[in-house]
Amino acid sequence: MTYLGNASLAPEVQERIARSFQQTLELIDQGNEREAKLGCEFILGMDPLFQPASTLLERLNDARRPIAVDDLKADAAAPSPSPRVAGEETELDADLVAPGSDLAALDDDELEAVDATPLIPPDPELEAVDATPLIPP
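Heads up: take any position in the sequence shown, counting from 1, add 1, and you land on the numbering used here.
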């Protein structure tokens with residue numbers, strides 16, 4: 002699966018965006034167009050180049066109903082993370098966790114519980130958007 006946005010984003014970020022888009026499509030299926038619109042705006046705040054969210058936002062702003070999403074569902078498949086052997090340190094892990102830091106002492110299960118969400122600089126246009134997750138993880 003090819004990521005349909007900014008390819009320079011970390012794979013974990015790409016996966017998170019793809020999962021958020023899947024949740025946004027679920028909101029459409031539930032008839033929650035307003036929340037789906039907010040979801041698209043949130044996704045585009047993380048990756049303005051993510052084409053499926055741009056396309057869906059255009060369709061949500063169009064007066065035609067029902068909103069076609071079947072073509073977007075194929076685009077929503079999350080990129081597969083690379084397999085990782087338990088206890089194996091990757092190059093990325095070594096860059097992120099300095100020896101002697103509190104995170105270096107955590108085992109794999111504890112590391113999975115750490116929220117490593119990257120900080121995104123605030124966008125003045127998105128300040129009015131409620132960035133509360135649409136569907137809890």
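Here a beta-carbon is modelled for each residue, glycine too, at the ideal position from N, C-alpha and C.
Option in the options with minimal Cα separation from residue i
i, options, result
"Gln52", "Ala11, Leu73 and Arg20", "Leu73"
"Gln23", "Ala54, Leu61, Asn62 and Asn7", "Ala54"
"Asn33", "Thr3, Val14, Pro12 and Leu61", "Leu61"
"Gly46", "Leu26, Glu27, Ile18 and Thr3", "Ile18"
Coil, strand or helix - residue i by DSSP
i, result
"Thr3", "coil"
"Gln31", "coil"
"Ser55", "helix"
"Val14", "helix"
"Arg66", "coil"
"Ala37", "helix"
"Ser9", "coil"
"Leu45", "helix"
"Val98", "The pLDDT assigned to Val98 is 45, lower than 50, so where the model puts this residue is not dependable, and the model offers no usable value."
"Leu50", "coil"
Cβ-Cβ distance between residue i and residue j below 8 Å
i, j, result
"Ile44", "Ser9", "no"
"Leu57", "Glu42", "no"
"Asn7", "Asp48", "yes"
Stretch-stretch touch, CB-based, cutoff 8 Å, three pairs: the region 37–44 with the region 56–74: yes
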